[in-house]
Ligand code: UDP
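Residue numbers (my numbering): 1 to 264.
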C-alpha cells in the first residue's frame, strides 16, 4: 500500500459502487450529472489509480465487437453514458438511465471541483494549439486552478517516453486524455504502472471544444437530442463513423429479445 492507499483504507473511504445498467454486457452508470461528478471526485481520492470511460454508442459497439477492446471497458472504474444513443438503448432495454453524462460536461465539473479543492490536473491530447487553447480557457475561468501540465496527443515513441516521465514528475490528481477511443484508454492501460495519477478520464474531442476550435451544438439543438447530427455537420469526415449507431441499436435490440425470451 502506498500512503494514499493507507490513508484511504484507514478512513474507510471505499465508497459503495454506483448503480449501473447492463448494455451489451457493459455496466453503464445510472447517475445524473451531479452524481457522476461526485462519483468521479470520489475516485480521484480512492486508493490506487482509477479510470472513467465516457462511452457513446460507437465506443460501446466497438467494444462489443472486439475482444481486444472489451477489456478497456471492463477494467474501467466507471462508464458514463456519453451519448443519446446509449441513453435511448437503456430505455429500450427497460432500464432507463437518469440522463446523458457527456465527457465535456464531466470535464467542466471535475475541473471546477479540482480548482476548489486544490487538485492538480493535466491535459493530454488534441493538436498542440487546441490543447494549449483549452489550458488557457480553463486557467482564465479558474485562475487558482492547479494545471500541472499539458501535452498534445500526437507523439512518437521517443516523445512518449519524455511525456510519461513528465507526467510522473508532476503527479496529477486528474489526467484528462482527449485522443479518441481506444487510444486514450490504451494510453492508461499500457502505462498504468508508470502513471502516478489519481484518476484518468477519456474525454474524446473535448479540448477542441473547450479551446474554441470547434463549437458545441447550441443548447436548443442539445435539448432536441441532436448534438450528434450537429457534430457530423461540423465535420463531415465523421460520417463514416455514423454507421456504428444503427449497428449498435440492432445489437441492443438483439439483447432485448434475448432478455425477453429468458424472462428477465
Ligand atoms: N487525437 C489525438 N491524437 C491522435 C488522434 C486524435 O490527440 O493520434 C485527438 C484529436 O485531435 C481530437 C480527439 O483526439 O481532438 C478525437 O476526437 P474525436 O472527435 O474523434 O473523439 P470523440 O469525441 O468522438 O470520442
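Built from N, CA and C at the ideal position, the CB exists for glycine as well. In this text the structure is predicted, and so the values were computed from the model without any measurement.
Between which two residues does the alpha helix (DSSP H) holding residue i run?
{"i": "residue 20", "result": "Segment 20-23 is the beta strand (DSSP E) holding residue 20; no alpha helix (DSSP H) there."}
{"i": "residue 85", "result": "84-92"}
{"i": "residue 229", "result": "227-234"}
{"i": "residue 219", "result": "219-223"}
{"i": "residue 208", "result": "206-210"}
What is the residue span of the beta strand (DSSP E) that residue i lies within?
{"i": "residue 246", "result": "Counting along the chain, residue 246 falls outside any beta strand (DSSP E), though it belongs to the alpha helix (DSSP H) covering 244-261."}
{"i": "residue 177", "result": "174-178"}
{"i": "residue 188", "result": "It is not in any beta strand (DSSP E) - residue 188 instead sits in the alpha helix (DSSP H) that spans 183-191."}
{"i": "residue 81", "result": "78-81"}
{"i": "residue 201", "result": "199-202"}
{"i": "residue 29", "result": "26-29"}
Measuring straight from C-alpha to C-alpha, what distance separates residue i and residue j?
{"i": "residue 261", "j": "residue 254", "result": "11 Å"}
{"i": "residue 267", "j": "residue 86", "result": "Residue 267 is absent from the model: the chain starts at 1 and stops at 264."}
{"i": "residue 175", "j": "residue 196", "result": "10 Å"}
{"i": "residue 94", "j": "residue 21", "result": "10 Å"}
{"i": "residue 116", "j": "residue 145", "result": "8 Å"}
{"i": "residue 11", "j": "residue 26", "result": "Residue placement at residue 11 is poorly supported in this model, since its pLDDT is 48, which falls under 50; the coordinates are not used for a value here."}
{"i": "residue 154", "j": "residue 259", "result": "43 Å"}
{"i": "residue 90", "j": "residue 23", "result": "7 Å"}
{"i": "residue 233", "j": "residue 181", "result": "21 Å"}
Just to confirm before moving on: does the CB-CB distance between residue i and residue j stay below 8 Å?
{"i": "residue 231", "j": "residue 237", "result": "no"}
{"i": "residue 104", "j": "residue 209", "result": "yes"}
{"i": "residue 111", "j": "residue 80", "result": "no"}
{"i": "residue 150", "j": "residue 132", "result": "yes"}
{"i": "residue 31", "j": "residue 47", "result": "no"}
{"i": "residue 52", "j": "residue 40", "result": "yes"}
{"i": "residue 200", "j": "residue 75", "result": "no"}
{"i": "residue 35", "j": "residue 241", "result": "no"}
{"i": "residue 97", "j": "residue 33", "result": "no"}
{"i": "residue 256", "j": "residue 92", "result": "yes"}
{"i": "residue 186", "j": "residue 72", "result": "yes"}
{"i": "residue 49", "j": "residue 192", "result": "yes"}
Return the chain-ordered list of same chain residues with a C-beta closer than 8 Å to the C-beta of residue i, the five sequence neighbours on each side being excluded.
{"i": "residue 137", "result": "210, 211 and 212"}
{"i": "residue 67", "result": "none"}
If you drop the 5 nearest sequence neighbours on each side, which residues of the same chain put their C-beta closer than 6 Å to that of residue i?
{"i": "residue 148", "result": "120, 122, 170 and 172"}
{"i": "residue 88", "result": "none"}
{"i": "residue 109", "result": "37"}
{"i": "residue 13", "result": "For residue 13, the pLDDT reaches just 46, beneath the cut-off of 50, and the residue's location in the model is therefore unreliable, leaving the point undetermined."}
Report all residues from its chain with a CB closer than 7 Å to the CB of residue i; omit the five preceding and five following residues, and keep chain order.
{"i": "residue 207", "result": "123, 125, 126, 130, 131, 134 and 178"}
{"i": "residue 61", "result": "244, 247, 248 and 251"}
{"i": "residue 44", "result": "119, 173, 174, 198 and 199"}
What runs of the alpha helix (DSSP H), each 4 residues or longer, lie entirely inside the segment 97-168? Qualifying alpha helix (DSSP H) stretches, in chain order: 103-116 and 128-141.
Which ranges would you report for the alpha helix (DSSP H) in the segment 43-71 if only whole runs of at least 4 residues count? Those alpha helix (DSSP H) runs which fall completely within the segment 43-71 and span 4+ residues are 57-65.
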